[in-house]
Structures are given as structure tokens and as C-alpha cells.
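To start, the structure itself, in C-alpha cells.
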Amino acid sequence: MCGIFGIYGHPEAAKMAYLGLHALQHRGQESAGIVTSDGTRLYTSRKMGLVADAFPPCELERLVGSAAIGHVRYSTAGESRIQEAQPFAVGCRHGSVAVAHNGNFVNVEAVRTNLETKGSIFQSSADTEVIVHLMARSQADDLAARLTDALRQVRGAYSLLVLTAESMVACRDPFGVRPLVLGRLRGGFVLASETSAFRLLDATYIREVEPGELLVVDGNGLTSHFPWGRQERRFCVFEQVYFARPDTIIDDRTIYQDRVRMGQRLADEHPVEADVVVGVPDSGLPAAIGYSQKSGIPLELGLIRSHYVGRTFIEPQQSIRHFGVKLKLSAVETVLVGKRVVVVDDSIVRGTTCRKIIKMIRAAGAKEVHFRVSSPPTKFPCYYGIDTPHRRELIAASHSVEEITQFLDCDTIGYLSVEGLRWSVGDQDGAHHCEACFTGDYPIEVSDHVRERQLKLVGT
Ligand code: 5GP
Ligand code: SF4
Ligand code: MG
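Here the sequence shown is numbered in the numbering used here, starting from 87 and rising by one per residue.
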């Protein structure tokens with residue numbers, strides 16, 4: 087998973103990109119990058135770590151120009167190295183070009199092998215570089231046509247931003263699996279994975295980039311193209327369940343609203359006699375609010391989250407096994423002691439974190455623990471950009487609800503139904519979403535090679 091941001095026609099483009107990326111930090115913490123253009127050439131900066139650490143003021147001063155694209159990375163395809171950090175910026179016979187990408191190409195191995203046999207040399211293992219190579223080989227004479235040529239040869243879920251000295255192109259895959267929104271800031275244009283970036287900049291939200299839409303932003307303003315025609319939208323429902331920030335707007339609704347609805351529906355589907363509702367911070371909180379509203383069981387902050395845990399914190403290997411979760415979460419005994427507790431979280435992936443949380447809640451004196459999950463059992467892997475380490479060992483893929491209840495050591499578990507999830511996001515028959523990790527119905531065909539790669543990851 088990743089976050090992307092673009093701005094065109096602003097005197098402080100790098101600083102705006104810095105702020106925009108900061109508001110997208112939840113989408114990736116591994117590396118951050120900004121590439122700017124001053125109309126004649128590109129300036130690049132890419133670092134490992136968080137946005138706030140990656141760009142000291144002197145670095146931003148160096149990134150001159152009135153156009154910029156930026157990226158925060160959460161490694162999915164590819165390894166974790168500075169070479170994998172984005173945006174990718176290279177010089178080719180068409181001039182300098184930089185690409186920022188969120189998503190995953192599902193036939194990338196075949197395309198890559200084909201390019202390598204023709205002599206291409208790759209610097210990284212990330213999918214994005216393949217696009218740059220394909221664009222460089224294109225015979226077309228403008229940027230949009232070269233990008234279209236390249237994208238015709240790959241399949242997958244992607245939102246892309248491409249920057250050259252003169253122009254910027256934004257593009258969303260034909261199914262619109264990954265998000266991308268368009269806004270205005272003063273006289274210029276802004277693009278971002280989520281509207282949360284616009285709010286920080288005081289930019290005006292215009293609309294989503296449509297599935298399959300390609301936007302060119304240059305000295306002439308904005309032009310829209312649909313090189314693949316228009317297709318039905320299959321937006322990633324897991325963005326609404328977990329990934330996107332609650333203040334983000336999708337489909338004219340805030341993510342927060344949808345998550346509260348998930349919790350309300352969960353209370354209808356899996357009621358229980360209890361004394362208190364506790365959300366697992368931060369991702370479980372809106373659904374816990376919904377569960378409490380609908381059930382009438384009071385909501386309390388029974389778990390407190392530390393916001394100061396960096397990814398670099400060194401965890402002792404064997405001695406203190408539960409250290410990781412304890413660093414992040416702490417139980418409030420006065421809320422939990424002697425109580426029948428409903429614990430609400432957004433998803434169970436491997437089950438290992440949830441198990442530790444339940445243990446913590448029991449240790450604080452809870453009498454009963456009823457786990458409620460505001461999404462259906464996660465049974466199938468994601469091939470479209472959310473294959474984090476968490477995705478690789480899905481407990482619900484190989485265990486029944488009873489077995490999971492035992493493993494987590496809770497009294498009951500209730501998962502939101504697929505129908506309940508559809509109702510919550512306002513898509514009655516699920517026709518406009520990808521729900522593959524819950525249903526196994528993949529909207530974009532996945533090559534065997536990619537499935538095998540995923541299987542290998544499961545084995546590691
Ligand atoms: P588990 O108990 O399955 O190990 O972890 C479940 C928790 O992980 C939930 O609180 C959920 O919010 C979070 N989660 C779900 N998907 C992802 C993901 O892709 N990456 C990370 N870092 N956390 C996730
Ligand atoms: Fe999103 Fe799941 Fe589809 Fe992946 S499989 S795009 S996580 S809904
Ligand atoms: Mg969580």
C-alpha cells in the first residue's frame with residue numbers, strides 16, 4: 087500500500103507535497119520521496135522513513151519548481167531498500183520522467199522478463215520501474231500516449247502520477263481499485279490518494295479521478311482522456327474497512343460514517359449482553375462507536391494507544407514476546423475489571439495481534455470478552471496492492487469461527503456479514519467494489535505467476 091500526491095502550478099510545490107504526504111503518512115511509513123520540476127529539469131529526493139524525518143528544510147529548498155509529485159511507501163511488491171523508494175526518476179530519450187505508483191500489476195513478471203530479454207536493465211524489484219521502461223520504449227510522441235502505450239501492456243490495480251519537466255499526468259486503473267482524487271489549490275491543481283491531504287492544504291476537493299481516466303495537467307490546464315473507455319467501478323472495500331483515514335471522503339461520504347455504520351450493523355447481526363464496548367485504537371474506534379450507539383451499551387476507552395512507537399524500535403527477540411503490542415496499547419483496568427466487554431476491531435488478519443489484545447483485556451480483570459469484527463472473515467489474499475506481511479497468513483482461510491474463538495481465547499466472535507459490509511458502504515449488491523479478500527471474487531484476472539509468488543510468501 088502506498089500514498090501518492092501531485093501538485094501543478096504552485097510556487098511552493100515541494101513544501102505543499104511535503105504537507106500532502108504528511109496527511110497520507112498512514113498509507114506508508116517505509117520511505118518517502120518528492121520529485122519537483124522547474125519547467126526545465128527534475129529534482130529528486132527519496133529517503134527511508136517518515137515524511138517528517140525524510141525532508142529537512144534545506145532539502146525542501148533544493149527541490150525547486152512549481153510542480154511536484156510525491157510518494158509514501160508501504161512495501162508490497164519489491165523489497166525494502168532505498169532503491170525501491172519512489173517516485174522513480176530516470177532520464178531517457180524522451181527526457182527526464184518520474185513516476186509515483188500506488189497499487190500492484192498482476193502480470194508484471196512476464197512483462198519484466200520480456201523486457202530483460204530485450205536488454206532492459208532494472209535498478210529495483212518494484213513494479214513501477216516496468217512502467218518507466220515501457221514508456222521509454224514507446225514510439226508515441228506525447229507523454230499521455232506513451233503512458234497509455236505502457237499501461238496497455240500491464241494489468242492490475244493502480245493509481246499513478248507521472249511528472250516530466252513540462253507536464254504531469256494522473257491515471258487510475260480501469261476498475262478504480264485504488265483511490266485518487268482531484269482538487270484545486272489557488273490557480274493550480276492537486277491530486278492525492280485521499281482527500282485528507284486536501285484538508286491540510288486548504289485545497290478544494292473537485293472530484294475523484296474516474297476509473298480508467300487519464301488526466302493531463304500542463305500549461306494549457308487540465309484535459310481528461312479515457313483511453314480504455316469507461317468501465318464499472320470496483321473500488322477496494324478494504325480502504326473503507328481499514329486503510330483510508332476516517333476524515334477522507336469517498337463517494338461523497340466520509341470513511342468515518344461508513345465505519346460507524348459497520349459497527350451499527352454489527353450490533354444488529356451479533357448482539358450480546360455486555361457492560362461496556364471498547365474499540366481497538368485507532369482502526370476499531372468508529373465501528374465501536376456504531377456498535378455502542380445501536381446496542382445501547384456504553385462506550386469506554388478501555389484501551390489507550392501510544393502514538394510514539396516508531397517502526398525502528400528494537401524489540402527484544404525471545405525474552406518479552408508480547409512487548410510489541412504492549413508498546414502500542416495499554417489496558418485501562420478501571421474500565422475493564424469485572425466487566426463483560428465487547429471488543430470491536432476492524433479486521434482479523436493473522437489473529438496474533440487480536441490474541442494479545444484479548445489477553446491484555448483479560449489480565450486487566452474483564453469477566454467476559456466478546457470480540458466483534460467490522461468486516462467479514464479475511465479468507466483470500468490481495469493481489470492488488472495490500473499484500474503486507476499481515477496478509478500472508480490469514481487465519482480465517484484455514485480455520486472456522488469456532489477455532490478462531492479458541493485461538494483468540496474470547497467468549498464469542500461475531501464478524502460482519504458480506505451483506506452487512508455492502509449495506510454499510512452503500513453498495514447493496516457489491517457491484518461497485520472489489521471484495522476479493524472476503525469473497526474470493528477477483529475483478530482483475532491474476533496470473534499464475536503472481537499467485538505462486540503469493541504462495542511462496544505464505545510459506546516464509
Ligand atoms: P491480527 O490480530 O490479525 O494480527 O491483526 C489485526 C489488526 O491488524 C487489526 O487491528 C487491523 O486494524 C490491523 N490490520 C489489518 N490489515 C492490516 C495491514 O494490512 N497492515 C497492518 N499494519 N495492519 C493491518
Ligand atoms: Fe482491497 Fe481486498 Fe480487493 Fe485487495 S482483495 S483490493 S484488499 S478488497
Ligand atoms: Mg487495528
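Note that the Cβ used here is the ideal one computed from N, Cα and C, for glycine as well.
In this text the structure is predicted, and so the values were computed from the model without any measurement.
*asked:* Is it the case that the stretch 124 to 143 contacts the stretch 218 to 228, given that we only count it when at least three CB pairs across the two stretches are under 8 angstroms?
replied: With the rule of 3 Cβ pairs closer than 8 angstroms, the stretch 218 to 228 does not count as touching the stretch 124 to 143.
*Taking only the alpha-carbon atoms, compute the straight-line gap between Thr115 and Leu107 and give it to the nearest angstrom.*
Checking the sequence, you will find Gln at residue 115 rather than Thr. About 10 angstroms.
*Give every residue of the same chain whose Cβ lies closer than 7 angstroms to the Cβ of Leu146, excluding the five residues on either side of it in the sequence, and list them in chain order.*
Contacts found: Ala100, Lys101 and Tyr104.
*Can you give the Cα-Cα distance for Lys380 and Arg339, rounded to whole angstroms?*
Taking the straight line joining both Cα atoms gives about 20 angstroms.
*To the nearest angstrom, report how far apart Glu252 and Ala231 are at their CA atoms.*
Straight-line Cα distance between these residues: approximately 15 angstroms.
*Does the beta-carbon of Ala449 have 16 or more other beta-carbons within 10 angstroms, so that it is buried, or is it exposed?*
Looking at its Cβ environment, which holds fewer than 16 other Cβ atoms inside 10 Å, Ala449 is exposed.
*Inside the stretch 406 to 476 only - alpha helix (DSSP H) runs reaching at least 4 residues*: Correct list: 409 to 414, 419 to 422 and 438 to 449.
*Gly151: CB within 7 angstroms of a non-hydrogen atom of the ligand MG*: Flag unset: Cβ of Gly151 not near the ligand MG.
*Could you check how far apart the C-beta atoms of Ser245 and Ile90 are, in whole angstroms? I think they sit under 8 angstroms.*
Rounded, the Cβ-Cβ distance is 6 angstroms, consistent with contact.
_Rounded to the nearest angstrom, what separates Ala417 and Leu389 at their Cα positions?_
Using only the alpha carbons, I get a separation of about 5 angstroms.
*asked:* What residue range does the beta strand (DSSP E) around Arg113 cover?
replied: Segment: none, Arg113 is in no beta strand (DSSP E) and carries neither H nor E.
*Residue range of the alpha helix (DSSP H) that includes Phe261*: Careful: Phe261 lies outside any alpha helix (DSSP H) and carries neither H nor E.
_Which of the three DSSP states is assigned to Leu387 in this structure?_
If DSSP states are grouped into helix, strand and coil, Leu387 belongs with coil.
*What span of residues does the alpha helix (DSSP H) with Asp354 cover, start to end?*
Taken as a continuous stretch (DSSP letters only), the alpha helix (DSSP H) holding Asp354 covers Ile341 to Glu355.
*Given Val197, which residues of its chain have a CB within under 8 angstroms of its CB, disregarding the five upstream and five downstream residues?*
Within its own chain, the residues whose Cβ lies closer than 8 angstroms to the Cβ of Val197, once the five positions on either side in sequence are excluded, are Phe191, Val216, Leu220, Gln239 and Val240, listed in chain order.
*Distance CB(Ile530)-CB(Tyr470) smaller than 8 angstroms*: Between Ile530 and Tyr470, the C-beta gap is smaller than 8 angstroms, which places the two residues in contact.
*Report yes if the CB atom of Gly151 is closer than 8 angstroms to the CB atom of Leu352, and no otherwise.*
No, these two residues do not count as a Cβ contact at 8 angstroms.
*Measure the C-alpha to C-alpha separation of His356 and Val263 and round it to an integer number of angstroms.*
If I take the Cα positions, the gap works out to 30 angstroms.
_Cβ shell of Glu359 (< 8 angstroms), same chain only, five flanking positions each side left out_ = Result list for Glu359: Arg426, in chain order.
*asked:* When you compare the CB positions of Ile292 and Leu268, do they come within less than 8 angstroms of one another, or not?
replied: Yes, they are a contact pair.
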